Structures are given as C-alpha cells and as structure tokens.
C-alpha cells in the first residue's frame, strides 16, 4: 500500500492499492492431453560447447512423468519424476538424475540444464542439484510440454524459456502474448507454436 501525493489536494494522503493499476499478465495453461509447444526450428548445441537452458513454469502433476523440454528422440529430454522423486535428463544420450523425495512440481519452479567445461548440472531455482563431468555430446531440442513420444504431454502453466550457448543469450520466449498460437521471441529468431491452442487456455497470473 502506498499513499497518493498527486497535484489534487483532495487526493493527497489518500491510500490506494498499487496492484490495482498494474497491467494484468497472462500465461498459457496446458491441459496435459494434447497441447504442447513446438519450436519453429530445433535448437542445436554443438559438442563440447557450454550451454544453459531454462524453463519457468508451475502446476505440473506430481503423479506422472512431466516433460519440461525434449528433442525428437529419447537422446534429449528433461523431465520431472513422479512422486516428488526429482529430475531426470538426457543431454545427447548422456544421462543425469537428481534424486530426492519431496520435490513439488506443482509449485512455481525455474528448471534448468547447464553445461560448463563439460560438467553437466541440473539446476532448480538457481541452485545446482546434481552434476556429472565428461558431458561432451551435441544437444538438440525442439519442443516444450511434450516428450519425444507421441502421447506424453504435460499439464501446467508456462512462463518463459531461454537458452544461452557459449555464454551468449541466444533465445528467449516469454509466454505472455495472450490468445496467440504463435509466441514470438524477445531474443533470437526461433518462435514457439502452441499446438492445439485455444483462447480458453490463457490465465491471469
């Protein structure tokens, strides 16, 4: 709560709620049945190159595998494990897992996969949870909210995804363009197509 100090003496000292004047923000909620994001082209990270992939989202189910991002094959994916048991990822078929017992995928989380000097790490909300050395493979991904299989979809609200390659931010898409099936990037040339988009999927966040 802040106090108005406008020119009008009638308003001076009158308290008002700042949040009432903020522009509403919307984000898409995916139903877990047939909706997902297909990138306009695959993002390819060369062998032996540092990278950082980040996706912020909320509302994932804790009862099943939930794909955050994936490539067209099992060689590249990043997903939550059912029952709060953590995160599993393949980066060019190089496997890494973070095992725990109480991870809550329904909450807002910032998921990331990072490679620096061939050390691959699972990062949650800026904190490294698990790391493995000797990650050298090429990494390819082209979708969010869906695994490489044809029938595995994720439910939840998607905020943004971004990619840095070799220390440079190359891609950023903010999923705030209400009622638009194609989300255009803030950084880079790759856009995001929401497959089976409906206007009803947009929620005020």
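Residue numbers (the numbering used here): -6 to 198.
Yeah, the Cβ is synthetic: ideal placement off N, Cα and C, and Gly gets one too.
Note that the coordinates shown come from a computational prediction; the quantities given were computed from them, not determined experimentally.
Contacting residues, own chain, Cβ-Cβ under 6 Å from residue 44 (five flanking each side not counted): 38, 108, 158
For residue 72 versus residue 140, is the C-beta spacing smaller than 8 Å? yes
How many Å lie between residue 233 and residue 50 at the Cα? Outside the displayed span of the chain (-6 to 198) sits residue 233, for which this structure offers no information.
Neighbour-count burial assignment, residue 27, 16 or more Cβ in a 10 Å radius: exposed
DSSP three-state label for residue 21, please. strand
Sufficient close CB pairs (3 or more, under 8 Å) joining the stretch 138 to 153 to the stretch 48 to 63: yes
Here's the rule: buried if 16 or more other CB atoms are within 10 angstroms of the residue's CB, otherwise exposed. What is residue 185? buried
Measuring CA to CA, which of 97, 154, 190 is closest to residue 47? 154
Which residue comes first and which comes last in the beta strand (DSSP E) that contains residue 103? 102 to 109
Going by DSSP, which residues form a beta bridge with residue 153? 49, 167
Tell me whether residue 135 sits in a helix, a strand or coil according to DSSP, three-state version. strand
So the beta strand (DSSP E) residue 32 belongs to, where does it begin and stop? 29 to 38
Go through its chain and collect everything with a Cβ distance to residue 190's Cβ below 6 Å, but skip five positions before and after it. 174
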